[in-house]
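Q:
Protein chains: 2
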Amino acid sequence: MATLGDVAALAGVSISAVSRVLSNDASARVSPATRERITDAAKSLNYRPNFAGRALRFSRSNVIALIVPDLTNAVFAELMRGVEEGALERGYVVLLARAEDMQPGGEMIDRLLGEGRVDGVLLQVGDHVAQEALDSMLEAPNPTVLVNSVHPGFSGSVTLDDVAAGRLATEHLLGLGHTRIALINGLETTYTAQQRAVGYREALGRASAAAPERITWHGYEPRAGRMSLTELMGDAEPPTAVVVANINSAIGVLGEARVLGIRVPEELSVVAVHDAWTAENTWPPLTTVKMPLYELGRHGVDTLYARLHGEEIADTVVAEPAPELRVRESTAPPAA
Amino acid sequence: MATLGDVAALAGVSISAVSRVLSNDASARVSPATRERITDAAKSLNYRPNFAGRALRFSRSNVIALIVPDLTNAVFAELMRGVEEGALERGYVVLLARAEDMQPGGEMIDRLLGEGRVDGVLLQVGDHVAQEALDSMLEAPNPTVLVNSVHPGFSGSVTLDDVAAGRLATEHLLGLGHTRIALINGLETTYTAQQRAVGYREALGRASAAAPERITWHGYEPRAGRMSLTELMGDAEPPTAVVVANINSAIGVLGEARVLGIRVPEELSVVAVHDAWTAENTWPPLTTVKMPLYELGRHGVDTLYARLHGEEIADTVVAEPAPELRVRESTAPPAA
DNA sequence: TCACTTTGATAAAACGTTTGATCAGACTCA
DNA sequence: TGAGTCTGATCAAACGTTTTATCAAAGTGA
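Quick note, the sequences are listed as chains D and W, same order. Here the first sequence stands for residues 1 to 336, where the numbers follow my numbering. Here the second sequence stands for residues 1001 to 1336, where the numbers follow my numbering.
(1) Would LEU325(D) and LEU204(D) qualify as a contact pair, given that the criterion is a beta-carbon distance under 8 Å?
(2) Between LEU1304(W) and LEU1088(W), is the Cβ-Cβ spacing less than 8 Å?
(3) Excluding five sequence neighbours on each side, which residues of the same chain lie with their C-beta closer than 6 Å to the C-beta of MET1108(W)?
(4) Could you check what DSSP says for ALA33(D) in three-state terms: helix, strand or coil?
(5) With 8 Å as the threshold, decide whether the Cβ of PRO141(D) is near any Cβ in chain W.
(6) Quick check: ALA245(D) and VAL270(D), are their CB atoms within less than 8 Å of each other?
(7) Against GLY252(D), what residues of chain W qualify as contacts under a CB-to-CB distance less than 7 Å, listed in chain order?
(8) Do three or more CB pairs link the region 141-157 of chain D to the region 175-189 of chain D at distances below 8 Å?
(9) Please go through the region 259-311 of chain D and give each complete beta strand (DSSP E) segment of 3 or more residues, from N-terminal end onward.
(10) Can you round the beta-carbon distance between GLU139(D) and ARG298(D) to whole angstroms, since I take them to be within the 8 Å contact cut?
(11) Flag ASN1148(W) as yes if its beta-carbon sits less than 8 Å from any beta-carbon of chain D, otherwise no.
(12) Below 8 Å, how does it come out for the region 1160-1180 of chain W and the region 1307-1323 of chain W: are there three or more Cβ pairs, yes or no?
(13) Counting only Cβ pairs nearer than 7 Å, list the residues of chain D close to ASN1050(W).
(14) Taking the CB atoms as reference points, tell me whether LEU63(D) and ASP119(D) lie closer together than 8 Å.
(15) So, are the CB atoms of PRO265(D) and GLU329(D) less than 8 Å apart?
(16) Please list, in chain order, the chain D residues whose beta carbon lies closer than 7 Å to that of GLY1053(W).
(17) My output table needs one value for ALA1164(W): the three-state DSSP class, helix, strand or coil.
(18) Go through the region 1114-1199 of chain W residue by residue and report every complete run of the beta strand (DSSP E) that reaches 3 residues or more, in order.
(19) From the DSSP output, in three-state form, read off THR1039(W) for me.
(20) Less than 8 Å between CB atoms is the rule here; does GLU1084(W) satisfy it with respect to chain D?
(21) Output, in chain order, the set of chain W residues within a Cβ distance shorter than 9 Å of ASP119(D).
(22) Can you pull the chain W residues whose beta carbon is under 9 Å from the beta carbon of PRO222(D), in chain order?
(23) For PRO152(D), count the other beta carbons within 10 Å of its own beta carbon; 16 or more makes it buried, fewer makes it exposed. Which is it?
(24) Taking the alpha carbon of PRO143(D) as the reference point, which residue from THR170(D), ALA197(D), ASP302(D) has its own alpha carbon closest?
(25) Just the Cα atoms here: how many angstroms apart are LEU1293(W) and GLU1280(W)?
(26) Looking at the structure shown, is VAL1013(W) part of a helix, part of a strand, or coil, going by DSSP?
(27) When DSSP builds the beta bridges, which residues end up paired with ARG326(D)?
(28) So that I know if they touch, is there some Cβ in chain D lying closer than 8 Å to that of VAL1129(W)?
(29) For LEU183(D) versus PRO333(D), is the C-beta distance shorter than 8 Å?
(30) Quick check: the Cα distance between VAL243(D) and ARG98(D), rounded to an integer number of angstroms?
(31) Taking all protein chains shown into account, decide if GLY1310(W) is buried (16 or more other Cβ within 10 angstroms of its Cβ) or exposed.
(32) List the residues of chain W that SER61(D) touches, going by C-beta distances under 8 Å, in chain order.
(33) Mapping the DSSP letters down to three states, classify ALA1257(W) as helix, strand or coil.
(34) Which residues does DSSP list as the beta-bridge partners of ARG98(D)?
(35) Measure from the C-beta of THR1072(W) to each C-beta in chain D and report whether the shortest distance is under 8 Å.
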């Protein structure tokens, strides 16, 4: 923990000289000889600028917070990777926090956002974040960018092309010959769920065959998937295929199908939105739509960076690379 | 972003007075009247002490880093929860980092550990962390506590009772009547894998029936599980049951069993170490040994806290609550 | 009344960094 | 030679906190 003073003492110069040299101040006038003494001294003491000193001086911490609903969720892993790599390149450190810790009255919001710890916030809103908590996060003074979600009256969202995802998954099933296709969706209040429903309807509408619409809105967790499947199978004419709006929910669907004695894909085709390592390890392996989550993370950082530097930012959709169908073994033509 | 100065100005007192009152300085002599003026002013300005100012003053950031091999891994989710809650109670904020970012030559180590950003480090060493990277993390000046792992010559580890876990899982299978029980383990270099093997052997040794030992050491990932099962099924006398040292690996085992046409649990019983939400959503649902990962996290924070306050700390094992068998549907008596 | 203590408050330094202002000495040019 | 410019470096202030030392006024006891 050597300081500028230590380096200066060793090199026999003033603190300012050291600071100028080590921060590559272009306007600094310092002779080659002293410059070398300084860099040598810094190296031998293994000098690193003190974080708190800088933060105080600049009133900027070079830390951004990434708040996600659930760290466990494999879907977020790619997002986090994108955020971390983008942040690293721009000189930021990422402070990861769980949304459930962000209680409106709780200490976490103040601690994280109110003490100047973080310069900005990337916020991925989960299904189960209370409106109140969201409000108190958005009204905090920290520049914020919403990732994978939108909020009425809030500008600065980065989202995926969920319409395309819903459409692509549905078209895959239509292409296999299915006509009774249900959508097992997230909560109706969620923006991503609404968008995926739009895509689903678009695909159904385009289909020449009469394909009735059937949607459940129970959420993105395994349990929600189980509940939805049970509900759908109680229909007079149950679906022969389902689009599941989330891979975790789809895992629940597969489990419940076993319980109900429904064979996948022979009796029921399942395609899920989002790809993760889990998809290869279910039985049967899940057909999915891979979304550019890594790029979403990177773009989120870029957008936050722009906002931190005073630029006006608009809502954007990360459409590159486009959602991509990964056909595995959970989808097949309907039984004759 | 009100400062002490702002509050002082509003209350018409000095900065020192404000600091004393707001930090509950017991030795402070200040009249009730001014005390009230100060607290009122602070409240109306929504004052929060600036993080950087404090960090500079105390040369302490009140941040601890938690470095884990893989954020996606559901096994770590409980650990993280324990760490975060423990940290919160002790007034610390958790900075989560991925071990793979900690490259020896890379910038991340310096950035995180060398700039005074974090007071201490909780380090969960993964299978695939290079020895070199581990060394450079341990030689950093930050007080460090190893979680769920040990390192030769390093004192300050908090681990689980992996021997008991291995024993418990094996005894469950023995109790069902199995005699050909294999252990699908982690890498041989890993401490946890070695411990689980010890427990496995203990259980086999105690069994009256002749139960030969059979172990694979391919790692904790799904792919390792798949590889191990294929290998075991090539044996002259393949096992009728397997202890899988990790739940993620066990998911791979289940998948590979489907591919090989082996029915679980009729032809092969599977029990895994560690419980997670995924266990309930495999087919069949996985019998597991639940380990006290939450408590491990909390204890890790406690230990680090002690080390930060200059106390000598020894290696400890978190044995409470004890590993607990969760019988689901992946285990059954051997076929007659 | 004088010496002394108590009360209630403030001044100032320090943590480590950056940067505008300053300064001494050497050089340039008329 | 004297005025001005350039060079190479240092001084000092500021960011927001905490805390030791200081201080004025009021109270206490003989």
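Where a beta carbon is used, it is the ideal one built from N, C-alpha and C, also for glycine.
A: Put simply:
(1) Residue 325(D) sits at position 325 when you count from the first residue of the first sequence. Residue 204(D) sits at position 204 when you count from the first residue of the first sequence. No. Outside cutoff.
(2) In the second sequence, the residue the question calls residue 1304(W) occupies position 304. In the second sequence, the residue the question calls residue 1088(W) occupies position 88. Result no, Cβ atoms of LEU1304(W) and LEU1088(W) do not sit closer than 8 Å.
(3) Here residue 1108(W) refers to the residue found at position 108 when the second sequence is read from its first residue. Excluding sequence neighbours, MET1108(W) sits near ASP1101, MET1102.
(4) On the first sequence, position 33 is the one that residue 33(D) refers to. Helix at ALA33(D).
(5) Counted from its first residue, the first sequence places residue 141(D) at position 141. Yes, because at least one Cβ of chain W sits closer than 8 Å to the Cβ of PRO141(D).
(6) Numbered from its first residue, the first sequence carries residue 245(D) at position 245. Numbered from its first residue, the first sequence carries residue 270(D) at position 270. No. Outside cutoff.
(7) Counting from one through the first sequence, the residue named residue 252(D) turns up at place 252. Simply ASN1281.
(8) no
(9) 269-273, 287-290
(10) Here residue 139(D) is taken as the residue at index 139 of the first sequence, counted from 1. Here residue 298(D) is taken as the residue at index 298 of the first sequence, counted from 1. Incorrect: roughly 27 Å between the Cβ atoms, too far for contact.
(11) For the purposes of this step, residue 1148(W) is taken as residue 148 along the second sequence, with counting starting at 1. No, ASN1148(W) lies away from the interface with chain D (no Cβ there is under 8 Å from its Cβ).
(12) yes
(13) Walking along the second sequence from the start, residue 1050(W) turns up at place 50. In chain order: GLU115, GLY116.
(14) Translated into the one-based positions of the first sequence, residue 63(D) becomes position 63. Translated into the one-based positions of the first sequence, residue 119(D) becomes position 119. Checking the sequence shown, residue 63(D) turns out to be Val, not Leu. Yes, these two residues count as a Cβ contact at 8 Å.
(15) Stepping through the first sequence from its first residue, residue 265(D) is reached at position 265. Stepping through the first sequence from its first residue, residue 329(D) is reached at position 329. For PRO265(D) and GLU329(D), yes; Cβs fall inside 8 Å.
(16) As a working note, residue 1053(W) is residue 53 in the second sequence. The contacting residues are LEU56.
(17) For the purposes of this step, residue 1164(W) is identified with residue 164 of the second sequence, where counting begins at 1. Three-state DSSP puts ALA1164(W) in a helix.
(18) 1120-1123, 1144-1147, 1157-1160, 1181-1185
(19) Along the second sequence, one-based indexing puts residue 1039(W) at 39. Helix.
(20) Here residue 1084(W) refers to the residue found at position 84 of the second sequence. Interface residue, yes.
(21) Position 119 of the first sequence holds residue 119(D). Ordered by position in chain W, no residue passes the 9 Å Cβ test against ASP119(D), which lies about 12 Å from the chain.
(22) Counted from its first residue, the first sequence places residue 222(D) at position 222. Those are TRP1277, THR1278, GLU1280, ASN1281, listed as they occur along chain W.
(23) Counting from one through the first sequence, the residue named residue 152(D) turns up at place 152. The residue in question, PRO152(D), is exposed, as its Cβ has fewer than 16 Cβ neighbours within 10 Å.
(24) On the first sequence, position 143 is the one that residue 143(D) refers to. Selected option, being the one with the closest Cα: ASP302(D).
(25) Residue numbering aside, residue 1293(W) sits at position 293 when the second sequence is read from its first letter. Residue numbering aside, residue 1280(W) sits at position 280 when the second sequence is read from its first letter. Straight-line Cα distance between these residues: approximately 18 Å.
(26) Here residue 1013(W) refers to the residue found at position 13 when the second sequence is read from its first residue. Note: VAL1013(W) maps to coil in three-state DSSP.
(27) Numbered from its first residue, the first sequence carries residue 326(D) at position 326. BP columns for ARG326(D) point to THR288(D).
(28) By 1-based counting over the second sequence, the position of residue 1129(W) is 129. No, VAL1129(W) does not count as interfacial toward chain D.
(29) Mapped onto the first sequence, residue 183(D) falls at position 183. Mapped onto the first sequence, residue 333(D) falls at position 333. Taking 8 Å as the Cβ cut-off, LEU183(D) and PRO333(D) do not qualify as a contacting pair.
(30) Here residue 243(D) refers to the residue found at position 243 of the first sequence. Here residue 98(D) refers to the residue found at position 98 of the first sequence. Distance between the alpha carbons of VAL243(D) and ARG98(D) is about 28 Å.
(31) By one-based count along the second sequence, residue 1310(W) stands at place 310. Answer is exposed; the Cβ neighbour count stays below 16.
(32) For the purposes of this step, residue 61(D) is identified with residue 61 of the first sequence, where counting begins at 1. Those are PHE1051, ALA1052, listed as they occur along chain W.
(33) Mapped onto the second sequence, residue 1257(W) falls at position 257. Note: ALA1257(W) maps to helix in three-state DSSP.
(34) Position 98 of the first sequence holds residue 98(D). In the DSSP output, where bridge partners are listed per residue, ARG98(D) has VAL68(D).
(35) Here residue 1072(W) corresponds to residue number 72 of the second sequence, with the count starting at 1. Yes, its Cβ sits closer than 8 Å to a Cβ of chain D.
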